[in-house]
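Chemist:
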Amino acid sequence: MTVAAAADATVTPASIGDAAVALLRCPRDGTRLRQSPDGDRLCCESGHAFPVENGIPRLFVANDWPDGKDDVTDAVKAFYEETPFPNYEGLDTRDSLRRKAGAGVFGRMLDEQIPHACKILEVGCGTGQMTNFLAMRWGRSAIGADLCMNSLRLASDFRDRFGIVNAHFVQINLFRPPFPPASFDVVFSNGVLHHTSDCHGAFRAIAPLVKPGGVIMVGLYNRLGRLPTLWRRALIERFGRAAMPLDRRLRGTAEDPRRQAWYMDQYRHPHETRHGMDEVLSWFDAAGFDFTASVPTIGDVEFSDRIALFETAPPGSRMDRLSTEIEMLLSGGRDGGLFIMAGRRRP
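So this is what it looks like as structure tokens:
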């Protein structure tokens with residue numbers, strides 16, 4: 009697939025350019041935002057104002073949901089403010105980030121298959137490692153959006169330190185995204201939507217941001233593949249440190265920051281939900297997307313990094329998808345039981 013090229017200008021690190029402001033919308037009423045003369049806030053025609061902190065627009069607006077609807081946003085936000093994920097331990101150069109991200113199959117495939125002249129949005133970017141990595145390619149524009157300012161500060165500090173001029177960061181509530189519809193060629197959200205109060209509702213909020221012909225990618229905890237992690241969590245809660253070696257990523261010194269970050273994200277998170285491949289396919293169809301690829305692959309299709317992420321493909325049968333989920337369970341729930349599905353928006 010040829011992903012539509014993006015022609016918009018980019019944000020300069022530690023500042024907000026006019027072209028970047030032109031892309032943003034007021035998260036309260038959708039009207040255009042303008043930068044104040046002193047550059048420390050964005051304002052809309054309706055009079056709403058939002059501060060700008062170290063070049064990061066703070067466009068988070070709380071959910072306006074009916075009374076009685078459970079909202080975990082504050083709990084999740086507080087968790088990540090205290091425990092940003094992932095951390096930048098050992099990433100002290102552009103090359104070290106490139107090596108780390110490139111070592112993962114998903115990151116390498118994204119970098120190789122997303123065209124250079126492309127506009128990307130990462131929803132729930134955390135500390136922005138993937139956004140910074142993808143923005144290193146010439147001609148791309150990558151925006152990382154998250155609700156946690158502590159994480160976004162780490163992301164923007166790394167960007168500014170190493171001059172990754174095509175990476176931009178903004179604080180948002182993903183249920184009220186401050187972007188007009190059809191703004192991005194690629195929208196991806198990996199390991200985020202299942203930490204919201206309404207996973208399907210979160211998908212419905214970000215899906216319209218994809219351009220016709222563009223791609224959405226979501227990574228979620230699988231209903232079966234997540235079970236081994238939940239079993240280990242129960243054993244760790246019962247037996248403490250003695251049970252931690254059951255997770256290979258928790259073996260080693262307790263002081264290892266990467267080990268601690270993984271432990272907190274996988275075993276101490278305040279909220280999560282689990283989902284199935286059939287469920288996500290139904291979301292895609294209702295929002296006007298055709299399935300293109302998944303990680304792991306469906307059925308007996310052998311996974312390789314040569315799989316086209318953005319080419320429309322058959323999603324297999326219901327039994328194929330069930331067998332894939334069972335295999336995730338039997339293999340011990342690698343990567344916490346996370347699965348990724350991609351879809352291309354119909355013209």
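In the working numbering, the protein residues as written are 9 to 355. Idealized CB from N, CA, C, for every residue including glycine. Please read these numbers as outputs of a predicted model, since none were measured by experiment.
Could you say which of 84, 295, 89 and 185 lies nearest to residue 37 if we only look at CA atoms?
Modeler: For the purposes of this step, residue 37 is identified with residue 29 of the sequence shown, where counting begins at 1. Answer by Cα proximity: 185.
Chemist: Spell out a yes or no on whether the segment 154 to 166 and the segment 176 to 190 are touching, meaning 3 or more CB-CB pairs, one atom from each, closer than 8 Å.
Modeler: yes
Chemist: Exposed or buried, what is residue 353 when buried is set at 16 or more other beta-carbons lying within 10 Å of its beta-carbon?
Modeler: Your numbering for residue 353 matches position 345 in the sequence shown. Buried is the call here.
Chemist: Of the choices 310, 152, 70 and 273, whose alpha-carbon is the least far from that of residue 90?
Modeler: Taking the sequence shown and counting its residues from 1, one reaches residue 90 at position 82. Here the closest residue by C-alpha is 273.
Chemist: What does DSSP give as the partner residues of residue 51 in its beta bridges?
Modeler: Along the sequence shown, read from residue 1 onward, the residue named residue 51 stands at position 43. In the DSSP output, where bridge partners are listed per residue, residue 51 has 42 and 57.
Chemist: Using C-beta distances below 6 Å, list every residue in its chain close to residue 281, excluding the 5 sequence neighbours before and after it, in chain order.
Modeler: Start at 1 with the first residue of the sequence shown, and residue 281 comes out as number 273. Answer for residue 281: 202 and 207, listed in chain order.
Chemist: Is there contact here, the segment 243 to 260 with the segment 69 to 88, by at least three beta-carbon pairs under 8 Å?
Modeler: no
Chemist: Ordered along the chain, which non-local residues of its own chain (more than five positions away) have a Cβ less than 7 Å from that of residue 49?
Modeler: Numbered from its first residue, the sequence shown carries residue 49 at position 41. Correct list, in chain order: 57, 58, 59 and 60.
Chemist: Am I right that residue 345 and residue 236 are in contact with their C-beta atoms under 8 Å? What's the rounded C-beta distance?
Modeler: Here the question's residue 345 lines up with position 337 in the sequence shown. Here the question's residue 236 lines up with position 228 in the sequence shown. The pair is a contact, with the Cβ atoms about 7 Å apart (cut-off 8 Å).
Chemist: Can we say the segment 230 to 245 touches the segment 211 to 219, given the rule of at least three CB pairs closer than 8 Å?
Modeler: no
Chemist: Short of 7 Å in beta carbon distance, which residues of its chain neighbour residue 144, apart from the five on each side in sequence? Order them along the chain.
Modeler: Taking the first residue of the sequence shown as position 1, residue 144 is located at position 136. These residues qualify, in order along the chain: 102, 106 and 172.
Chemist: Can you give the Cα-Cα distance for residue 276 and residue 53, rounded to whole angstroms?
Modeler: For the purposes of this step, residue 276 is taken as the residue at position 268 of the sequence shown. For the purposes of this step, residue 53 is taken as the residue at position 45 of the sequence shown. Each residue's alpha carbon lies about 42 Å from the other.
Chemist: Here's the rule I'm using: 16 or more other beta-carbon atoms within 10 Å means buried, otherwise exposed. How should residue 219 be labelled?
Modeler: Taking the first residue of the sequence shown as 1, we reach residue 219 at position 211. When all chains shown are included, residue 219 counts as buried.
Chemist: Would DSSP call residue 164 helix, strand or coil?
Modeler: Translated into positions along the sequence shown, residue 164 becomes position 156. In this structure, residue 164 counts as helix in the three-state DSSP scheme.
Chemist: Could you spell out the range, first to last residue, of the beta strand (DSSP E) harbouring residue 327?
Modeler: Locating residue 327 in the sequence shown gives position 319, where the first residue counts as 1. Here residue 327 belongs to no beta strand (DSSP E); instead the alpha helix (DSSP H) covers 326 to 338.
Chemist: Could you please give the first and the last residue of the uninterrupted alpha helix (DSSP H) stretch that includes residue 140?
Modeler: Taking the sequence shown and counting its residues from 1, the one referred to as residue 140 is at position 132. That run of the alpha helix (DSSP H) goes 137 to 142.
Chemist: Would you decide whether residue 248 is buried or exposed? Buried here means 16 or more other CB atoms lie within 10 Å of its CB.
Modeler: Reading the sequence shown from its first residue, position 240 is the one you call residue 248. Exposed is the call here.
Chemist: How would you write the range of the beta strand (DSSP E) that residue 301 sits in, first residue to last?
Modeler: Within the sequence shown, the letter at position 293 stands for residue 301. For residue 301, the enclosing beta strand (DSSP E) begins and ends at 297 to 303.
Chemist: Helix, strand or coil for residue 36, going by three-state DSSP, please let me know.
Modeler: Within the sequence shown, residue 36 is the residue found at index 28, counting from 1. Three-state result, residue 36: coil.
Chemist: As a quick exercise: from 40, 335, 316 and 347, pick the residue whose alpha carbon is nearest that of residue 120.
Modeler: Within the sequence shown, residue 120 is the residue found at index 112, counting from 1. Ranking the options by Cα distance to residue 120, first place goes to 316.
Chemist: Can you tell me whether residue 347 is buried or exposed, with buried defined as 16 or more other CB within 10 angstroms of its CB?
Modeler: As a first step, residue 347 must be located in the sequence shown, where it is residue number 339. That one is buried.
Chemist: Using the C-alpha atoms, what's the distance from residue 285 back to residue 292?
Modeler: As a working note, residue 292 is residue 284 in the sequence shown. As a working note, residue 285 is residue 277 in the sequence shown. For residue 292 and residue 285, the distance between alpha carbons rounds to 11 Å.
Chemist: In the DSSP assignment, find the beta strand (DSSP E) that holds residue 229 and state where it starts and stops.
Modeler: Here residue 229 is taken as the residue at index 221 of the sequence shown, counted from 1. Note, residue 229: beta strand (DSSP E), 218 to 229.
Chemist: Look at the alpha carbon of residue 267 and the alpha carbon of residue 55, and state the distance between them as a whole number of angstroms.
Modeler: Counting from 1 along the sequence shown, the entry for residue 267 is found at position 259. Counting from 1 along the sequence shown, the entry for residue 55 is found at position 47. For residue 267 and residue 55, the distance between alpha carbons rounds to 46 Å.
Chemist: What span of residues does the beta strand (DSSP E) with residue 353 cover, start to end?
Modeler: Residue numbering aside, residue 353 sits at position 345 when the sequence shown is read from its first letter. Start and end: 346 to 353.
Chemist: Determine, using beta carbons only, whether residue 188 and residue 134 come nearer to each other than 8 Å.
Modeler: For the purposes of this step, residue 188 is identified with residue 180 of the sequence shown, where counting begins at 1. For the purposes of this step, residue 134 is identified with residue 126 of the sequence shown, where counting begins at 1. Cβ distance not < 8 Å, so residue 188 and residue 134 don't count as in contact.
Chemist: Measuring straight from C-alpha to C-alpha, what distance separates residue 43 and residue 51?
Modeler: Here residue 43 refers to the residue found at position 35 when the sequence shown is read from its first residue. Here residue 51 refers to the residue found at position 43 when the sequence shown is read from its first residue. Their backbone Cα atoms lie some 6 Å apart in a straight line.
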